[in-house]
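Student:
Residue numbers (the working numbering), protein chains in the order written: chain A, -12 to 555; chain B, 126 to 435.
As structure tokens, then:
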């Protein structure tokens, strides 16, 4: 094609456009070629998720999302909930928790526990996934490893009820001195440092899981870092672990109780933390469960998805800095702040996250007491907002502190949008009612911990999740010896009561001591309990038998099964 | 030529060293360290931990040790994904980011050049106006909005069609890549479109075009040989830094589409103060960026014979 006529300047030259179209065509072809190449490269690298359906009846499996890559599957060193969830599915300790949070025999079939000793009789039909039997030596080895200073376990403290555990961790004694002995392959004897009435409940925690020594040593320090660097004794095994993208669990056929495992596979096909993206996966039936945030509730309602609620067990509170140089070390100032707080307003009008419950005590409602629930037997201190009283407290505080106007306070909190909203609520509340200026200090997680530990704050938005199913998991939080008491609150009466609860074997004495603790915390305004965290989520009805828990493996799919929807 | 390349490489090494040094000291001066955990440990345990990871030594000594290991190609072990070597994490994650990045840059580059040329041809007519409005949108809307909207688009499309047209998230096949790559490339595409348009229009009135026209060279040929080729030059120049920006800047997209890439690893490491992963990824990205700029300079010489490398 020869264009001999000069096109007028203002009009578009069709031949040039044609040329461009040719280029576009060329580009398109190249693009297809590139896509094909990339496709094969990706397949060749073997990274990726398969697009399975959320529920697959044919292979009897489900697909789920995991919030993050499990950071540590070496049970002696795990600290986080994601690792805990995976370990709960692939490992088993002496006991395990059943669907109604009752204690069930695990590797131990029976046990005798007296004040200072315990004997556990292990089943002889428990095997590791490589065929070797699970023995009492595996527990002794794991526990010794966890308290060994060389291991640098951050959760070694949970083993401190064992005799000499703390001394070993503190490099005073050798690991062999630990109060755990294998009398023979299937009998484990435990000695305790002091009477620990809740010891049996600790045994479900991941630090107490067994480890096969021979295998552990054969991994040369890589234990738990890859699917092939672990052996399993629980309901499932990790059959595939592609870091950052996928973790697949398959039924463990060497598990002693394999008849109770009804799913053949649980595929964590996505590792994704973005809440909206997770909901999108649920909407297209790619995963069976997804957490709901406030912004996604409407969408769930509009789609008619069944919304479920779950108490996740954590309690959130405002922690005060009790260091002497801080104004918040003044009780009257703390009381003044306590008196302007209204937890119901916070939970229902400000945070508006469904499932949250206004906080009344550091002991959440689900904790067990003497016979029933602790909070039914020992009600939380009554609290009602009282601005007048708050102002009186403030005046007293100003006199004691020798100030003419309220001090400025530093409010340390996280860097999320939620944290901003939360902190601004308090900024407003304290300014309007007490004239206290609040400066908000938003920090990312590690920096926030650093500032909490060094005491660079006045008020901090903090929370605590339970480690084991006993009042003490919250009760000892504000003792003078607890390193998590980062505000350095000190109260002798509280310390004494915690010691009573730690040592007494009488449930009533223990619970009464804990009742004193919740009242001391309120009277002294050591902290202001804000809310018990709950969460809402959507779940596929075709999956049944899923257990949600406040303590331990959550959500627990070990006994889940599929139900075919009735055909219309 | 060889000398020029060598010179640039030496400069590159110095740049990377500088990046590593600054990052190292800034990272250590920020409060918080990777060993802090939500559950507090006693001072003694804290000391044990610091000793194990060598954090008890003065920062300058740590710097020396780190640099020595780095020269030998060892980025150390991750603090948070414990016992996993950083080299391995990068080796696993970078190919993913790279594949996504290549696709995004190709989409952005081709799209930018072609749209740019089109707008220049239709200057001040409706295609020009429409595309320029889209370009402004593309430049000003942040990628997380595109990512979310893109994903929602897939959900709606799949719903309406009744079968799965494209997967919502995940990684593994070509279908997983299309939307994330498009989202990732949009910003750059918009930017390149504008650049190409300006560049084309500047050249329309150049002497050599007028000469060609007066010689009676066919319009299509003028467009192809003189205008288009010359106009592409500035676009190629910015392509280098764009490649690095796209390959490394995929955090949001990787996060929304559950893609196991390096961008996500990097941002998570910063949030968790995972020192070794921060250093490893920063140095790696730094080296990558420097390399890309050098490569682009070399490519420049191929496209434009007037540029001689000295």
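Quick reminder that beta carbons are idealized off the backbone N, C-alpha and C, glycines included.
#1: Does the beta carbon of residue 267(A) sit closer than 8 Å to a beta carbon anywhere in chain B?
#2: With DSSP as the reference, label residue 324(B) as helix, strand or coil.
#3: On the premise that residue 314(B) lies in contact with residue 384(B), defined as a C-beta separation below 8 Å, what is that separation, rounded to the nearest angstrom?
#4: Can the beta-carbon of residue 271(A) be found less than 8 Å from the beta-carbon of residue 280(B)?
#5: Residues in the region 177 to 196 of chain B with C-beta within 8 Å of chain A's C-beta atoms, listed in sequence order?
#6: Going along chain A in order, which residues have a C-beta closer than 8 Å to the C-beta of residue 162(B)?
#7: Who are the neighbours of residue 6(A) on chain B, taking C-beta pairs under 7 Å?
#8: Using a C-beta to C-beta distance shorter than 8 Å, which residues of chain B count as neighbours of residue 207(A)?
#9: Would you verify that the beta carbon of residue 126(B) is, or is not, closer than 8 Å to some beta carbon of chain A?
#10: Taking Cβ-Cβ distances shorter than 7 Å, what residues in chain A pair up with residue 355(B)?
#11: How many whole angstroms separate the CB atoms of residue 39(A) and residue 254(A), which I take to be in contact at a CB cut-off of 8 Å?
#12: Which of helix, strand or coil does DSSP assign to residue 185(A)?
#13: With distance defined between alpha-carbon atoms, name the residue in 304(A), 309(A) and 276(A) nearest to residue 293(A).
#14: Straight-line CA distance for residue 565(A) to residue 329(A)?
#15: What is the DSSP secondary structure of residue 50(A), counted as helix, strand or coil?
#16: Kindly indicate if chain A contains any beta-carbon less than 8 Å away from that of residue 170(B).
#17: According to the neighbour-count rule (16 or more other Cβ atoms, all chains shown, within 10 Å of its Cβ), is residue 537(A) buried or exposed?
#18: Quick one: is residue -11(A) near chain B, going by C-beta distance under 8 Å?
#19: Run the CB neighbour count on residue 193(B), radius 10 Å, all protein chains shown included, and call it buried at 16 or more, exposed below.
#20: Restricting to Cα atoms, I'd like to know which of 157(B), 253(B), 259(B) and 200(B) is closest to residue 312(B).
#21: Between which residues of its own chain and residue 126(A) is the CB-CB distance below 6 Å, once the five residues before and five after are set aside?
#22: If you run the structure through DSSP and keep just helix, strand and coil, what is residue 84(A)?
#23: By the three-class DSSP mapping on this structure, what secondary structure does residue -3(A) have?
#24: If you compare alpha carbons, which of 150(A), 133(A) and 19(A) is closest to residue 228(B)?
#25: Taking 8 Å as the threshold, find out whether the region 60 to 76 of chain A comes into contact with the region 207 to 225 of chain A through three or more Cβ pairs.
#26: Would you please verify whether the beta carbon of residue 0(A) is less than 8 Å from any beta carbon of chain B?
#27: Among 425(A), 440(A) and 117(A), which one has its Cα closest to the Cα of residue 202(A)?
#28: Assuming residue 239(B) and residue 547(A) form a contact by the criterion Cβ under 8 Å, report the distance between their Cβ atoms to the nearest whole angstrom.
#29: Closest by CA to residue 234(A), which one among 94(A), 49(A) and 309(A)?
#30: CB residue 514(A) to CB residue 305(A), shorter than 8 Å?
#31: For the pair the region 325 to 340 of chain B and the region 348 to 365 of chain B, tell me if three or more CB-CB distances fall below 8 Å.
#32: Do residue 165(A) and residue 134(A) have their C-beta atoms within less than 8 Å of each other?
#33: Would you mind sorting residue -4(A) into buried or exposed? The rule is 16 or more other CB atoms within 10 Å of its CB.
#34: With residue 123(A) as the anchor, note down where its beta strand (DSSP E) starts and where it stops.
#35: Can you name the start and end residues of the beta strand (DSSP E) that residue 97(A) belongs to?
#36: Counting only C-beta atoms, is residue -6(A) closer than 8 Å to chain B at any point?
Tutor: In brief:
#1: Here residue 267(A) corresponds to residue number 280 of the first chain, with the count starting at 1. Answer yes: the Cβ-Cβ gap between residue 267(A) and chain B drops below 8 Å somewhere.
#2: By 1-based counting over the second chain, the position of residue 324(B) is 199. Residue 324(B) falls in the helix class under three-state DSSP.
#3: Reading the second chain from its first residue, position 259 is the one you call residue 384(B). Reading the second chain from its first residue, position 189 is the one you call residue 314(B). Contact between residue 384(B) and residue 314(B) does not hold, since their C-beta atoms are separated by about 19 Å, which reaches or exceeds 8 Å.
#4: Residue numbering aside, residue 271(A) sits at position 284 when the first chain is read from its first letter. Residue numbering aside, residue 280(B) sits at position 155 when the second chain is read from its first letter. Contact check for residue 271(A) against residue 280(B) passes: the beta carbons are separated by less than 8 Å.
#5: So the list reads 177, given in the order they occur along the chain.
#6: The residue labelled residue 162(B) in the question sits at position 37 within the second chain. Residues of chain A passing the Cβ test: 66, 141 and 436.
#7: Along the first chain, read from residue 1 onward, the residue named residue 6(A) stands at position 19. Annotation: Cβ neighbours of residue 6(A) in chain B (cutoff 7 Å, chain order): 345, 348 and 349.
#8: Residue mapping note: residue 207(A) aligns to position 220 of the first chain, counting from 1. Contact annotation for residue 207(A) against chain B: no contact, minimum CB-CB distance about 10 Å [criterion: below 8 Å].
#9: Along the second chain, read from residue 1 onward, the residue named residue 126(B) stands at position 1. Any Cβ of chain A closer than 8 Å to the Cβ of residue 126(B) would place that residue at the interface, and such an atom is absent.
#10: Translated into the one-based positions of the second chain, residue 355(B) becomes position 230. One finds nothing in chain A with a Cβ atom closer than 7 Å to the Cβ of residue 355(B); even the nearest lies about 14 Å away.
#11: For this step, residue 39(A) is matched to residue 52 along the first chain. For this step, residue 254(A) is matched to residue 267 along the first chain. About 6 Å separates the two Cβ atoms, so the contact holds.
#12: Residue 185(A) sits at position 198 when you count from the first residue of the first chain. It is coil, neither helix nor strand.
#13: Counting from one through the first chain, the residue named residue 293(A) turns up at place 306. Proximity to residue 293(A) across 304(A), 309(A) and 276(A) peaks at 276(A), based on C-alpha coordinates.
#14: Outside the displayed range of chain A (-12 to 555) lies residue 565(A), so it cannot be described from this structure.
#15: Residue numbering aside, residue 50(A) sits at position 63 when the first chain is read from its first letter. Residue 50(A) falls in the strand class under three-state DSSP.
#16: Here residue 170(B) refers to the residue found at position 45 of the second chain. Judged by the 8 Å Cβ criterion, residue 170(B) is in contact with chain A.
#17: Numbered from its first residue, the first chain carries residue 537(A) at position 550. So residue 537(A) counts as buried.
#18: As a position in the first chain, residue -11(A) is number 2, starting the count at 1. The predicted model places residue -11(A) with a pLDDT of 41, which falls under 50 and marks its position as unreliable, so this point remains unresolved.
#19: For the purposes of this step, residue 193(B) is identified with residue 68 of the second chain, where counting begins at 1. The residue is exposed, with fewer than 16 neighbouring Cβ atoms inside 10 Å.
#20: Here residue 312(B) refers to the residue found at position 187 when the second chain is read from its first residue. Nearest neighbour of residue 312(B) by Cα position, chosen from 157(B), 253(B), 259(B) and 200(B), turns out to be 259(B).
#21: Your numbering for residue 126(A) matches position 139 in the first chain. Only 175 and 197 meet the Cβ criterion.
#22: Residue numbering aside, residue 84(A) sits at position 97 when the first chain is read from its first letter. In the structure shown, residue 84(A) falls within a strand segment according to DSSP collapsed to helix, strand and coil.
#23: The count along the first chain starts at 1 and reaches residue -3(A) at position 10. Residue placement at residue -3(A) is flagged as unreliable, the pLDDT there being 45, under the threshold of 50; the coordinate-derived value follows with that caveat. In this structure, residue -3(A) counts as coil in the three-state DSSP scheme.
#24: Translated into positions along the second chain, residue 228(B) becomes position 103. Measuring from the Cα of residue 228(B), the nearest candidate turns out to be 19(A).
#25: Under the 8 Å Cβ criterion, the region 60 to 76 of chain A counts as touching the region 207 to 225 of chain A, having at least three qualifying pairs.
#26: As a working note, residue 0(A) is residue 13 in the first chain. Contact of residue 0(A) with chain B is assigned, a C-beta pair being separated by under 8 Å.
#27: Counting from 1 along the first chain, the entry for residue 202(A) is found at position 215. The alpha carbon of residue 202(A) has as its nearest neighbour, out of 425(A), 440(A) and 117(A), the alpha carbon of 117(A).
#28: On the second chain, position 114 is the one that residue 239(B) refers to. On the first chain, position 560 is the one that residue 547(A) refers to. About 52 Å separates the CB atoms of residue 239(B) and residue 547(A); that is not less than 8 Å, and the two are not in contact.
#29: Your numbering for residue 234(A) matches position 247 in the first chain. Nearest option by C-alpha distance: 49(A).
#30: On the first chain, position 527 is the one that residue 514(A) refers to. On the first chain, position 318 is the one that residue 305(A) refers to. In this structure, residue 305(A) lies closer than 8 Å to residue 514(A) by Cβ.
#31: Between the region 325 to 340 of chain B and the region 348 to 365 of chain B, the count of C-beta pairs closer than 8 Å reaches three or more; the two stretches touch.
#32: Taking the first chain and counting its residues from 1, the one referred to as residue 165(A) is at position 178. Taking the first chain and counting its residues from 1, the one referred to as residue 134(A) is at position 147. With contacts defined by Cβ atoms closer than 8 Å, residue 165(A) and residue 134(A) form a contacting pair.
#33: In the first chain, residue -4(A) corresponds to position 9, counting from 1. The predicted model places residue -4(A) with a pLDDT of 48, which falls under 50 and marks its position as unreliable; any figure quoted below should be read in that light. With fewer than 16 other Cβ atoms within 10 Å, it is exposed.
#34: Counted from its first residue, the first chain places residue 123(A) at position 136. Run containing residue 123(A): none in the beta strand (DSSP E); it sits in the alpha helix (DSSP H), 123 to 134.
#35: Start at 1 with the first residue of the first chain, and residue 97(A) comes out as number 110. Residue 97(A) -> beta strand (DSSP E) spans 95 to 100.
#36: Reading the first chain from its first residue, position 7 is the one you call residue -6(A). Low confidence applies here, because residue -6(A) scores a pLDDT of 42, under 50, leaving its location unreliable; read the following figure in that light. Yes, residue -6(A) counts as interfacial toward chain B.
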